[in-house]
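Participant: Before I ask anything, let me first share the structure, which is written out below as structure tokens.
In this note's numbering, the protein residues as written are 2 to 188.
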């Protein structure tokens with residue numbers, strides 16, 4: 002008691018999620034694949050240097066507002082393997098899927114002279130090097146490679162009687178959006 006009065010302590014824990022809201026004119030800089038994994042939904046990003054994806058990379062699932070590759074190279078690993086854990090279908094690309102208002106621009110995906118993508122136990126693969134399923138806008142993007150780049154898409158572990166439905170493209174597996182001034186080229 003303080004002079005005949007009770008003293009009580011009230012405590013409350015507050016947490017804050019402080020993040021900068023970005024825009025097309027004020028994108029957040031990306032320096033590494035780890036930075037790409039930290040991208041937040043609806044925000045805009047710009048690549049600041051060439052990066053090489055790790056052998057165990059997974060497609061970006063965050064529905065971002067936009068990504069400007071700034072014409073830097075994003076190099077794919079030479080060997081990539083992915084085993085189905087639960088689902089038998091996968092949408093695969095640097096980005097798994099894009100939202101209707103997503104803008105991907107100035108992105109260069111680089112393929113080494115011989116690149117293998119190995120998918121185990123999937124009966125449905127939607128595959129594009131940039132996006133598995135595009136619902137947004139893609140402009141000024143390219144897939145580049147060595148003079149004789151070879152890309153192998155290998156499916157393993159599928160029983161003979163299983164019906165397989167795959168959609169494979171260079172830039173995107175499925176396109177429900179717009180693609181302009183984008184192409185595939187070799188050295």
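All residues carry an ideal CB built from backbone N, CA and C; glycine is no exception.
Could you have a look at residue 2 and say whether DSSP puts it in helix, strand or coil?
Facilitator: One-based indexing of the chain shown puts residue 2 at position 1. Legend: pLDDT at residue 2 = 49, less than 50; position of this residue unreliable, no value from coordinates given.
Participant: When burial is assigned at 16 or more other CB atoms within 10 Å of the CB, is residue 2 buried or exposed?
Facilitator: Along the chain shown, one-based indexing puts residue 2 at 1. Caution applies to residue 2, whose pLDDT of 49 falls short of 50 and renders its modelled position unreliable; the value that the coordinates give is listed next. The residue is exposed, with fewer than 16 neighbouring Cβ atoms inside 10 Å.
Participant: Considering only C-alpha positions, which residue in the set 177, 25, 95 is nearest to residue 56?
Facilitator: Along the chain shown, read from residue 1 onward, the residue named residue 56 stands at position 55. Among 177, 25, 95, the Cα nearest to that of residue 56 is on 95.
Participant: Can you check whether the CB of residue 153 is closer than 9 angstroms to the CB of residue 116?
Facilitator: In the chain shown, residue 116 corresponds to position 115, counting from 1. In the chain shown, residue 153 corresponds to position 152, counting from 1. Contact: yes.
Participant: Identify whether residue 131 lies in helix, strand or coil by the three-state DSSP scheme.
Facilitator: Here residue 131 refers to the residue found at position 130 of the chain shown. Of the three classes helix, strand and coil, the one that applies to residue 131 here is coil, per DSSP.
Participant: Please name the residue, chosen from 67, 53, 12, 68, that lies closest to residue 80 on a Cα-to-Cα basis.
Facilitator: Here residue 80 corresponds to residue number 79 of the chain shown, with the count starting at 1. Nearest C-alpha to residue 80: 53.
Participant: Report back the beta-carbon spacing between residue 48 and residue 27 to the nearest angstrom; my notes put them in contact at under 8 angstroms.
Facilitator: To locate residue 48, count along the chain shown from 1; it is residue 47. To locate residue 27, count along the chain shown from 1; it is residue 26. At roughly 15 angstroms, the Cβ-Cβ gap does not stay under 8 angstroms, so residue 48 and residue 27 are not in contact.
Participant: Reducing DSSP to helix, strand and coil, say where residue 25 ends up.
Facilitator: Within the chain shown, the letter at position 24 stands for residue 25. Correct three-state label for residue 25: coil.
Participant: Spell out the partners DSSP gives residue 117 in its beta bridges.
Facilitator: Translated into the one-based positions of the chain shown, residue 117 becomes position 116. According to DSSP, residue 117 bridges with 80, 153.
Participant: Spatial neighbours of residue 91 within its chain, please: CB distance less than 6 angstroms, with the 5 preceding and 5 following residues excluded, ordered by chain position.
Facilitator: Numbered from its first residue, the chain shown carries residue 91 at position 90. Around residue 91: 123, 126.
Participant: Can you pull the DSSP bridge partners for residue 74?
Facilitator: Within the chain shown, numbered from 1, the residue matching residue 74 stands at position 73. In the DSSP output, where bridge partners are listed per residue, residue 74 has 109.
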